[in-house]
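In this note's numbering, the protein residues as written are 1 to 438.
Here is the structure we will look at, set down as structure tokens.
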């Protein structure tokens with residue numbers, strides 16, 4: 001299938017074919033999103049497991065077992081140590097995203113993905129075998145380091161490998177993997193929470209080894225991007241790779257464009273300082289605004305804390321985990337819709353439609369919870385129909401995010417950066433993505 005392809009940041013199209021090789025390459029690279037998604041989905045479910053709370057956060061466990069007449073339901077999970085456990089990952093990801101810029105430029109996108117998988121694997125093992133809170137937190141730090149490297153390198157890799165005509169769809173594969181990771185984590189939490197002996201949480205946390213190995217081993221099978229090869233002086237390898245991923249022999253025009261962009265990049269002595277240059281201010285504004293508003297939409301409060309949220313508003317433990325699985329499933333399906341629609345309907349339309357849909361649903365959920373729960377958050381007995389209404393609004397909200405701000409938050413910044421600022425700008429994108437999560 002023929003098409004045109006410019007490098008990210010370029011407006012000129014070059015000849016290319018959609019080949020099985022580039023499809024498989026992008027599919028493997030997209031799986032780098034599994035580690036971020038798995039962590040988002042697994043953590044909230046683990047924190048709803050009594051055996052986990054009893055071992056590491058006994059004060060929270062005692063609050064849950066206290067007399068409901070004296071309990072402030074909105075504050076059941078109010079614990080500084082618990083907050084440190086959850087937020088330490090995002091702090092580590094914030095700092096590692098800046099280190100990832102240098103690693104991706106000097107050693108390549110592949111190596112950055114490999115390093116992300118290895119670090120995440122180390123964190124998963126530490127968490128799975130944890131005997132004390134400090135082990136959990138150190139493990140979370142390693143997980144965060146891994147996510148910082150993966151979230152920096154994978155979107156760049158996909159933007160540089162994918163054919164222009166299908167770049168939106170292929171790049172959304174990263175967000176699709178995030179949603180699949182969330183769904184798988186929710187299903188595993190539901191299964192492991194039922195295990196006798198109180199060690200299901202170890203399997204949930206330790207299971208993060210699997211997506212970590214997928215990205216680590218997968219990165220070894222992938223070709224390096226032509227952009228990265230040229231940046232590191234491997235022009236002959238870059239030409240061969242470009243011919244293979246484009247499916248055509250004549251890649252001279254695109255190759256010369258990449259070489260020119262690389263030479264311009266080498267002339268930039270301080271890429272971070274260059275971001276402030278007048279020519280790149282629109283790019284910097286997008287790198288900051290898009291991930292900031294993506295997180296301000298509140299999706300991770302839903303996906304990360306879904307089991308806790310549903311449990312707090314009156315669902316039983318099993319029902320809360322099942323509801324989290326339902327929202328996870330909606331997330332995956334709606335993201336798949338965006339793969340079809342992103343190049344057909346356009347980025348701007350999806351941004352606007354998704355934003356309006358999320359706003360309406362969040363207002364509806366706030367009204368439902370406010371009317372039923374009042375100031376103390378005690379719902380007494382939650383009618384089944386009322387619970388269904390709340391879950392339905394949350395699902396529509398998740399769908400609105402999943403086909404708009406979710407995938408576009410990674411796609412748009414990574415495809416607009418010129419090569420000379422691409423790695424530094426992507427670090428800004430990832431770090432801003434982590435700040436609201438803290």
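Backbone N, C-alpha and C define an ideal beta-carbon position, used for all residues, glycine too.
For residue 15, the enclosing beta strand (DSSP E) has its first and last residue at 15-17.
Residue environment analysis places residue 287 among the buried positions, since at least 16 neighbouring C-beta atoms fall within 10 angstroms of its C-beta. C-alpha of residue 182 to C-alpha of residue 237: approximately 37 Å in a straight line.
Between residue 155 and the set 254, 131, 27, 121, the nearest pair of CA atoms involves 27. Each residue's CA atom was taken as its position, placing residue 280 and residue 336 some 32 Å apart.
For residue 235, the uninterrupted alpha helix (DSSP H) segment begins and ends at 235-246.
In the three-state reduction of the DSSP assignment, residue 404 falls in the coil class. Residue 331 sits in a helix when the DSSP states are folded into three classes. Pairing residue 42 with residue 102, the inter-Cα distance amounts to about 30 Å. In this structure, the CA atom of residue 298 is about 16 Å from the CA atom of residue 410. Residue 225 places its beta carbon 8 Å or farther from that of residue 423. For residue 211, the enclosing alpha helix (DSSP H) begins and ends at 209-221. Residue 414 sits away from residue 30, with the two beta carbons spaced by 8 Å or more. Counting every other CB atom within 10 Å of its CB across the protein chains shown gives residue 202 a total of 16 or more, marking it as buried. Residue environment for residue 294: buried (at least 16 other C-beta atoms within 10 angstroms of its C-beta). Judged by beta-carbon spacing, residue 37 lies within the 8 Å limit of residue 179, meaning their Cβ atoms are closer than that value. The three-state reading of DSSP puts residue 428 in helix, counting H, G and I together.
For residue 131, the number of other beta carbons within 10 angstroms of its own is below 16, and it is reported as exposed. Taking C-beta atoms as the reference points, residue 49 and residue 144 fail to come closer than 8 Å.
Between the alpha carbons of residue 169 and residue 343 lies a gap of roughly 7 Å.
Here DSSP, grouped into helix, strand and coil, assigns residue 100 to helix. Taking residue 139 as reference, the option from 276, 326, 91 with the minimal CA-CA separation is 91.
In the structure shown, the three-state DSSP call for residue 130 is coil. Note on geometry: alpha-carbon atoms of residue 425 and residue 51 lie some 42 Å from one another.
A straight-line Cα-Cα distance of about 10 Å links residue 360 and residue 354.
The C-alpha of residue 172 lies about 43 Å from the C-alpha of residue 62. In the three-state DSSP reduction, residue 137 falls in the helix class (H, G or I).
Assigned with DSSP and collapsed to three states, residue 436 falls in coil, not helix or strand.
Within the same chain, Cβ atoms closer than 7 Å to the Cβ of residue 230 are found at 238, 258, 259, 262, the five residues on either side in sequence being excluded.
Rounded to the nearest angstrom, the Cβ distance from residue 148 to residue 185 is 19 Å, too far for a contact under 8 Å. The shortest CA-to-CA distance from residue 152 to any of 161, 113, 133 is the one to 113. Taking 8 Å as the cut-off, the beta carbon of residue 120 is found closer than this to the beta carbon of residue 35. If you draw a straight line from the Cα of residue 386 to the Cα of residue 323, it is about 14 Å long.
As for any alpha helix (DSSP H) of minimum length 4 sitting wholly inside the stretch 15-41, the runs are 20-30, ordered along the chain. Secondary structure of residue 250 (DSSP, three-state): coil.
By the neighbour-count criterion, in which a residue is buried when 16 or more other Cβ atoms sit within 10 angstroms of its Cβ, residue 134 is exposed.
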